[in-house]
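Okay, structure first, notes after.
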Amino acid sequence: MERTYIMLKPDAIKRKLVGKIISRIEEKGYIITDAKMMQLDEAILKEHYAHLADKPFFHSIVEYMVSGPVLAMIVEGENAVLGMRKIMGATKFEDAEAGTIRGDYAFNTQENLIHGSDSVENAEIEIKRFFHK
Ligand code: IDP
C-alpha cells in the first residue's frame with residue numbers, strides 16, 4: 000500500500016465538484032483514510048509551492064489557494080501516487096486528457112481543481128505538512 004496527499008482546491012469546493020471528484024477516487028479503488036476542510040494561509044503555501052517561488056504566477060496561485068477552504072485528504076492504494084496523477088490529468092488544462100478530472104472539469108491552468116503529490120517522497124513530506132502524521 001502506498002499513500003498520497005490529495006487536496007481539492009478552492010474552485011472544486013466553489014463549483015460543488017467535491018462529490019464527483021471523490022467518486023472518481025473511490026471508483027478507482029483507492030481508500031480515503033483521512034480528510035479535513037482547511038483554510039490555508041500564506042505561510043503553508045509558500046512552503047508547499049516553494050518549487051514555484053520564482054514563477055511570475057506565484058503570487059496569483061497563493062491568492063487563489065487562500066480564496067476559500069480546501070479539502071485535504073490522505074488517499075491510499077497500490078501505486079496511489081502515480082495512479083492519482085493519472086486520474087487527475089496534466090497540470091495545464093489544455094494538455095489534460097478527456098476522462099481525467101482536470102480534462103473533464105478544468106478550463107484554466109491555475110484553477111485546476113486538485114493537487115496530488117508527484118512522488119512517494121513528496122507524498123510523505125506533504126502528509127506531514129498538512130496532517131502532521
Ligand atoms: P501540479 O499541481 O500538477 O503538480 P505544479 O507545476 O506543481 O503542478 O504547479 C502547482 C500549481 O500551480 C498548479 O496545479 C496550478 O494550480 C498552478 N500553475 C502551474 N503552472 C501554472 C501556469 O503556467 N499558470 C498558472 N498557474 C500555474
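The sequence shown begins at 0 in numbering that gives the first Met the number 0 and counts up one residue at a time.
For glycine and all other residues, C-beta sits at the position ideal for the given N, C-alpha and C.
Computed from a predicted structure; not experimentally measured.
Opening and closing residue of the beta strand (DSSP E) in which residue i lies
i, result
"D33", "I30 to M37"
"Y115", "The amino acid at residue 115 is misidentified as Tyr; the sequence shows Gly. Element bounds for G115: I113 to G115."
Whole-Å CB distance - residue i paired with residue j, under 8 angstroms assumed
i, j, result
"E75", "R2", "5 angstroms"
"P9", "G88", "Actually they do not touch by this definition, with Cβ atoms about 18 angstroms apart."
"K85", "T108", "Their Cβ separation, rounded to whole angstroms, is 18 angstroms, which puts K85 and T108 out of contact at 8 angstroms."
heavy atom of the ligand IDP below 7 angstroms from residue i C-beta
i, result
"T99", "no"
"T3", "no"
"H114", "yes"
"N121", "no"
"L16", "no"
"N111", "yes"
"D117", "yes"
"Y48", "yes"
"I60", "yes"
"F145", "The question about residue 145 has no answer here: the residues shown for the chain are numbered 0 through 132."
"L51", "yes"
"T108", "yes"
"T32", "no"
Reduced DSSP category for residue i - H, G, I as helix; E, B as strand; rest coil
i, result
"A42", "helix"
"E125", "helix"
"M72", "strand"
"E120", "helix"
"Y104", "helix"
"M83", "helix"
"R2", "strand"
"L51", "helix"
"K19", "helix"
Endpoints, the alpha helix (DSSP H) within which residue i is located
i, result
"Y63", "F57 to M64"
"D10", "P9 to K13"
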